[in-house]
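To start, the structure itself, in structure tokens.
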Amino acid sequence: MALLPIEILGSEVLRRRAADVAEIDEDLRILIGDMFETMYDAEGIGLAAPQIGISRRVIVVDVREEGAEPFALINPRLVETGQEREKGEEGCLSIPGLAAPVDRPLRVAVEGMNADGHPVRIEGEGLLARCLQHEIDHLDGVLFIDHVSPLKRRMLLQKWKRSFATDAVLKAEGEGRSGARG
Ligand SMILES: [Zn+2]
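At position 39 of the sequence shown the residue is numbered 152 (this note's numbering), and the sequence of numbers has no breaks.
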């Protein structure tokens, strides 16, 4: 296993739609192991492959406080979302130091494949549901800052910029995107 560098806001791969995984092979299992190691090292509860520069539809999640075992999901799809919504604080390993409340469905069902290639369905609520939505968003090039109002996003990015971003990133992320990405 290997620790991999995490892509930071401004990196193009974070804004790209990741490709479906066609085959589950040894390389993919190594990737999943590396993703877990990288996530734990960064003290995250979820990680998507684009965050380590790999534009493929793979996520890993460890939300132990919800009683769920750590798992990897390949080609995950959100198949159901509950009516009830909840606001909860989110951060992202790719936007270190920034957090904001994000409004999302409280319950979701997700289908995909596990690392053995078997179809799996995961139903989650609360933090697990939030984490699943956040990670699947990454596979579509969507970040949690896209779920807040454009004004709020600009404020967040201004704050973040002081320590991390360049003017070019701020302009692209703060002004170049519509606020209606989900
Ligand atoms: Zn993230």
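We put the beta carbon where it would ideally sit given N, CA and C, even for glycine.
With a CB to CB cut of under 8 Å and the five nearest residues on each side skipped, what residues in its chain are close to residue i?
i: L219; result: G195, E197, R198, E199, E238, G239 and A242
i: A228; result: I137, L141, R142, I145, A185 and I187
In whole angstroms, what is the alpha-carbon distance linking residue i and residue j?
i: E236; j: V223; result: 6 Å
i: I249; j: M268; result: 25 Å
i: L264; j: Q271; result: 11 Å
i: R128; j: G159; result: 18 Å
i: F257; j: A132; result: 20 Å
i: R275; j: L122; result: 14 Å
i: W273; j: M152; result: 21 Å
i: H231; j: D253; result: 23 Å
i: V221; j: V192; result: 8 Å
i: L117; j: I165; result: 6 Å
i: I167; j: A161; result: 9 Å
i: L245; j: V174; result: 8 Å
Please list, in chain order, all residues of the same chain as residue i whose beta carbon is under 6 Å from its beta carbon, the five residues on each side excluded.
i: A115; result: D147
i: V234; result: Looking at the sequence provided, one finds Arg at residue 234 rather than Val. E224.
i: V215; result: E203, F257 and H260
i: R170; result: A131, D133, V134, N188 and L252
Take the Cβ of residue i as the centre, count every other Cβ of all protein chains shown within 10 Å, and call the residue buried at 16 or more, exposed below.
i: P163; result: buried
i: A135; result: exposed
i: E286; result: buried
i: H251; result: buried
i: H260; result: buried
i: H107; result: Not covered by the structure: residue 107. The range shown for the chain is 114 to 295.
Check whether the Cβ of residue i sits closer than 7 Å to any heavy atom of ligand 1, and report yes or no.
i: H247; result: yes
i: S207; result: yes
i: H260; result: no
i: H301; result: Because the chain here runs from 114 to 295, residue 301 falls outside it and cannot be looked at.
For residue i, which residues from the same chain have a beta carbon less than 7 Å from its beta carbon, with the 5 sequence-adjacent residues on both sides left out?
i: A155; result: I119 and L206
i: E178; result: L240
i: R190; result: V223, E224 and G225
> Is it true that the region 204-220 meets the region 173-187, where meeting means three or more beta-carbon pairs spaced less than 8 Å apart?
Replying inline: no
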